[in-house]
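Asks: With this note's numbering as the guide, the letters of the sequence shown map in order to residues 1 to 70.
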Amino acid sequence: KHRHSRVRQKDDQAHIERFNRTIQEECLDRTAHTLEDFREALGQYMPYYNNERLHMGINYQTPLEVLRRC
């Protein structure tokens, strides 16, 4: 779903922008040169991002750890 920011609300989608930057820096800059490379790299990276990578915004836990406690 495409979502637009509100006028003059620069931080509306800050978390999305940060997510995109993380994906770019940690995954795509190193591996994706073609569309097929992009798809493969992202498919391999997302399980790591959600299940193993520590996230500062949730006290250096993985999203999976946080989800399991809900």
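For every residue, glycine included, the Cβ atom is placed at its ideal position computed from N, Cα and C.
What residue from PHE38, GLY57 and CYS70 has the CA that sits closest to GLN24's CA?
Replies: If you number the sequence shown from 1, residue 24 lands on position 24. Nearest option by C-alpha distance: PHE38.
Asks: So for HIS33, helix, strand or coil by DSSP?
Replies: Here residue 33 refers to the residue found at position 33 when the sequence shown is read from its first residue. The answer is coil: DSSP assigns HIS33 none of H, G, I, E or B.
Asks: Within the same chain, show all residues whose beta-carbon is closer than 8 Å to that of LEU28, passing over the 5 residues directly before and after it, in chain order.
Replies: Along the sequence shown, one-based indexing puts residue 28 at 28. So the qualifying residues of the chain are PHE38, ALA41 and LEU42.
Asks: So, for TYR45: in the same chain, excluding its five sequence neighbours on each side, which residues have a beta-carbon less than 6 Å away from its beta-carbon?
Replies: Taking the first residue of the sequence shown as position 1, residue 45 is located at position 45. The residues are CYS27.
Asks: Return the first residue and the last residue of the alpha helix (DSSP H) that ASN59 is part of.
Replies: On the sequence shown, residue 59 is found 59 positions in, with the first residue counted as 1. Element bounds for ASN59: n/a, residue is neither H nor E.
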